[in-house]
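A.B. asks: Residue numbers (my numbering), protein chains in the order written: chain E, 7 to 209; chain G, 48 to 339.
The beta-carbon is built from N, C-alpha and C at its ideal position, and this holds for glycine as well.
1. With which residues is residue 188/E paired in a DSSP beta bridge?
2. So residue 126/E contacts chain G; which residues on that side make the cut at Cβ distance below 7 Å?
3. Can you pull the DSSP bridge partners for residue 121/E?
4. Give the residues from the segment 267-283 of chain G that approach chain E closer than 8 Å (Cβ to any Cβ), ordered along the chain.
5. Residues of chain E with CB closer than 9 Å to the CB of residue 230/G, please, in chain order.
6. Can you find the residues in the same chain that come closer than 8 Å, C-beta to C-beta, to residue 131/E, ignoring five residues on each side of it along the sequence?
7. If the cut is a Cβ gap below 9 Å, which residues of chain G does residue 164/E touch?
8. If you draw a straight line from the alpha carbon of residue 174/E to that of residue 128/E, how long is it in whole angstroms?
9. Please report the distance separating the alpha-carbon of residue 307/G from that of residue 143/G.
10. If contact is defined by three or more beta carbon pairs under 8 Å, each pair taking one atom from either stretch, is the segment 305-324 of chain G in contact with the segment 68-79 of chain G?
11. Check whether chain G comes within 8 Å of residue 1/E, counting only Cβ atoms and requiring the distance to be less than that.
12. Give the C-beta separation of residue 231/G and residue 10/E to the nearest angstrom, bearing in mind that I take them to be a contact with Cβ-Cβ under 8 Å.
13. Please classify residue 108/G: is it buried, with 16 or more other beta-carbons within 10 angstroms of its beta-carbon, or exposed?
14. So for residue 334/G, helix, strand or coil by DSSP?
15. Pairs of beta-carbons, one from the segment 89-99 of chain E and one from the segment 175-182 of chain E, closer than 8 Å: are there three or more?
16. DSSP state of residue 100/E, grouped into three classes?
17. From residue 163/E to residue 149/E, what distance separates their C-alpha atoms?
18. Hey, residue 251/G and residue 262/G are a contact pair by Cβ (cut 8 Å); roughly how many whole angstroms apart?
19. Compare the C-alpha of residue 203/E against each of 154/E, 108/E, 86/E and name the closest.
20. Out of 136/E, 82/E, 146/E, point me to the one whose CA is closest to residue 104/E's CA.
21. Looking at residue 153/G: is its Cβ nearer than 8 Å to the Cβ of residue 94/G?
22. Does any residue of chain E have a CB that is nearer than 8 Å to the CB of residue 339/G?
23. Please state whether DSSP places residue 21/E in a helix, a strand or coil.
24. Determine, for residue 50/E, whether the minimum Cβ-Cβ distance to residues of chain G falls below 8 Å.
25. In the segment 154-179 of chain G, which residues sit with their C-beta less than 7 Å from some C-beta in chain E, listed in chain order?
26. Sorted by chain position, which residues of the same chain lie with C-beta nearer than 7 Å to residue 165/E's C-beta, five sequence neighbours on each side aside?
27. Check whether the Cβ atoms of residue 276/G and residue 48/E lie closer than 8 Å to each other.
28. Measuring only the C-alpha atoms, how far is residue 100/G from residue 23/E?
29. By Cβ distance below 8 Å, which residues in the same chain neighbour residue 303/G in space, the five residues on each side in sequence not counted?
30. Cβ closer than 9 Å: which chain G residues qualify as neighbours of residue 45/E?
31. Mind checking if residue 190/E is an interface residue toward chain G, Cβ cutoff 8 Å exclusive?
32. Locate the alpha helix (DSSP H) running through residue 245/G, then write down its first and last residues.
33. Whole angstroms are fine: how far does the CA of residue 71/G sit from the CA of residue 119/E?
34. For the beta strand (DSSP E) holding residue 254/G, just list the boundary residues, first then last.
35. Would you list the one or two residues that DSSP bridges to residue 295/G?
36. Give me the chain E residues within the contact set of residue 185/G, using Cβ-Cβ distance strictly less than 7 Å, ordered along the chain.
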C-alpha cells in the first residue's frame with residue numbers, strides 16, 4: 007500500500023490490484039478515517055477527499071490510513087439489488103464464442119454470478135461490477151458503438167455494467183433491463199453505488 | 048411566479064448559476080462543480096448577509112444584463128468590471144439596490160475572468176442533487192443563462208447586511224504565482240519535468256473553461272511509459288496528457304482521470320487560479336503539503 011498526497015485536499019491510496027482496492031474500501035467503511043469527506047474508489051486506488059476543516063489535514067488522514075489493516079478478500083459495505091434482464095443483446099453470440107460457452111450457458115453464468123459494484127466513473131450512475139465467474143472476462147469490442155441504449159447490460163475488460171443512459175460505448179451487450187440505474191429525483195440517484203451487491207435475473 | 052426575480056436581458060459570453068457545490072456524489076461520477084472562484088462568490092453572499100451556499104451568478108468576461116422584477120439587492124465581486132445600475136455607474140463589492148424594472152449591466156472586466164453577482168435571498172432555481180450549480184462537464188444543474196430567462200429570487204434572510212462594502216483582494220493580472228504540492232504522480236515524470244514545472248512559466252491558453260485550463264509551456268517529459276489506471280482527481284490537479292500540455296483542473300473537473308498528475312495547486316490558491324484569463328503567465332512554487 008502506497009499513500010500519496012493530492013495537494014492539501016486529498017490522499018490517494020494505491021494498492022496492487024482491484025481485490026486489494028475493494029478490501030481497502032471495506033476497511034474504510036468499517037473504520038472511517040476522521041476528516042474524510044468522501045471516497046472515490048477506482049481500479050487500483052482509493053482517493054480520500056479531505057474535508058477543508060479536517061484536524062491535521064492530509065497528514066493526519068495519511069497517518070490514519072497507514073494504520074488500517076485491510077482484510078484480504080473483504081468487500082465494501084452496500085445494499086443488494088436484483089436486476090431483471092432480457093437476454094437478447096446484440097453481442098450475446100459473440101460472447102458465447104469468445105468464452106467457449108453456449109448462449110444459454112453465458113446467461114446462466116451471468117445470472118449465477120455474485121456481482122459487486124467496485125467503483126463508478128465513465129458517466130454519472132455507471133458502476134463497474136466485478137463478478138466471481140472469471141469465464142465472463144471478455145475484451146471490449148474492437149470498435150465502439152456510437153450509441154448504446156440506456157439499460158443495456160454489458161461486459162468488458164473483466165467488468166460488468168449497466169448503461170445509465172444512452173451513450174457511446176464499446177462493451178459487449180448481453181441484454182437490457184428496465185431498471186432505472188440513474189434517477190436524479192431519487193436519493194441516492196444511483197442504484198449501483200460502490201459496494202452494492204448485484205444479482206441479474208432473467209425475465 | 049416569484050414576487051421578485053431577475054430577468055436575463057443578455058448573458059454575455061457565459062453566465063451560469065453557481066453555489067458552494069454538489070458534494071457527496073463523487074463515487075458515482077458526479078463532480079462538485081460550484082463557483083470556480085469560491086472566495087469571490089462567498090464574499091458576494093456575505094455582503095448581502097445571505098447564508099453560505101446561496102446560489103449566485105458566475106459571469107465570464109462580463110456582458111451580463113439583468114432587469115429586476117420587484118426590488119432586489121445585489122452585490123458584484125470577483126473580476127472587477129464596470130457596473131451600471133439604471134444607467135448610473137455603480138461599484139463592485141458594494142450592496143446595490145435595484146428597483147423594480149431597473150437594469151444591472153456589467154461591462155468587460157479590466158482584469159480577471161469571472162465576476163459574481165449575488166442577490167439577497169439567493170437565485171432560487173430548482174436544485175439538482177442538492178445544488179443549483181451548472182456543471183458544464185456532466186450537464187447537471189440549470190442550463191447556462193440565456194436572454195429571456197427569468198430567475199426567481201428566494202426569500203431574503205432574516206439577517207441584514209452589516210457592511211455596505213468589503214475590500215476586494217486584487218484579482219487577475221498578467222502574471223500569477225500559484226503554490227503547488229508535488230505529486231501524487233511526480234514519480235511518473237523525468238527530473239527535468241519537475242524542474243521545468245517549478246522553474247519556467249506556463250501560459251493559459253484559450254482552450255480553457257470551468258473544467259480546466261490548458262497550459263502551454265515547456266515539455267514535461269515522462270519517466271514512466273504506459274498507461275495509468277484511472278484514478279480519483281481533486282480540483283487543482285495538474286494533469287499531463289500525452290500531448291504534454293498540462294491541464295489545471297477547476298470546479299467542473301472529471302471525478303476520475305487516466306493521466307498522471309504531476310502536482311496539485313493548493314486549495315487556497317484555486318480562487319486566484321480561476322481568475323486567470325487566456326494569456327496569463329503562470330508560475331508554480333513548490334510547497335510542503337501542510338505548510339505554511
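C.D. replies: Taking the structure as given:
1. Under DSSP, residue 188/E takes part in a beta bridge, and its partners are 196/E.
2. Using a Cβ-Cβ cut-off of 7 Å, residue 126/E is close to 74, 75, 76 of chain G, given in chain order.
3. Bridge partners of residue 121/E: 204/E.
4. Listed by position, the residues of the segment 267-283 of chain G near chain E (Cβ gap below 8 Å) are 276, 277, 278, 279, 280, 281, 282, 283.
5. Going along chain E in sequence order, the residues near residue 230/G (Cβ under 9 Å) are 10, 11, 12, 13, 18.
6. In chain order, 170, 171, 187, 188, 195, 196, 197, 198 place their CB closer than 8 Å to the CB of residue 131/E, counting only its own chain and leaving out the 5 sequence neighbours on each side.
7. In chain order: nothing, as chain G lies at least about 12 Å away.
8. Roughly 11 Å between the two C-alpha positions.
9. Going by the C-alpha atoms only, they are around 46 Å apart.
10. Result no; under three Cβ-Cβ pairs closer than 8 Å.
11. No information on residue 1/E is available, as it lies outside the stretch 7 to 209 that chain E covers here.
12. Rounded to the nearest angstrom, the Cβ distance from residue 231/G to residue 10/E is 4 Å, consistent with a contact under 8 Å.
13. The residue is buried, with at least 16 neighbouring Cβ atoms inside 10 Å.
14. Residue 334/G sits in coil when the DSSP states are folded into three classes, being neither helix nor strand.
15. Taking 8 Å as the limit for Cβ pairs, the verdict is that the segment 175-182 of chain E does touch the segment 89-99 of chain E.
16. Judged by DSSP in its simplified three-state form, residue 100/E adopts helix.
17. Answer to the nearest angstrom: the Cα atoms are 14 Å apart.
18. Here residue 251/G really is in contact with residue 262/G; their C-beta atoms are around 6 Å apart, less than 8 Å.
19. Comparing Cα positions, the closest option is 86/E.
20. The residue with the shortest Cα to Cα distance from residue 104/E is 146/E.
21. Taking 8 Å as the Cβ cut-off, residue 153/G and residue 94/G do not qualify as a contacting pair.
22. Below a pLDDT of 50, predicted positions are generally treated as unreliable, and residue 339/G, at 41, falls in that range; the measurement from the model is reported next regardless. No, residue 339/G does not count as interfacial toward chain E.
23. DSSP places residue 21/E in coil when its eight states are reduced to three.
24. Yes, its Cβ sits closer than 8 Å to a Cβ of chain G.
25. Correct list: 175, 176.
26. Only 134, 135, 136 meet the Cβ criterion.
27. A contact, by the Cβ cut-off of 8 Å.
28. Here the C-alpha atom of residue 100/G lies approximately 39 Å from the C-alpha atom of residue 23/E.
29. Taking residue 303/G as the centre and dropping the five residues before and after it, the same chain places the C-beta of 76, 277, 278, 279, 280 closer than 8 Å to its C-beta, in chain order.
30. Residues of chain G whose Cβ lies closer than 9 Å to the Cβ of residue 45/E are, in chain order, 73, 74, 279.
31. With its beta carbon less than 8 Å from one in chain G, residue 190/E belongs to the interface.
32. 238-246 is the extent of the alpha helix (DSSP H) around residue 245/G.
33. If I take the Cα positions, the gap works out to 30 Å.
34. Its beta strand (DSSP E) spans residues 249-255.
35. DSSP lists 260/G, 285/G as partners of residue 295/G.
36. Within chain E, the residues placing a beta-carbon under 7 Å from that of residue 185/G are 130, ordered along the chain.
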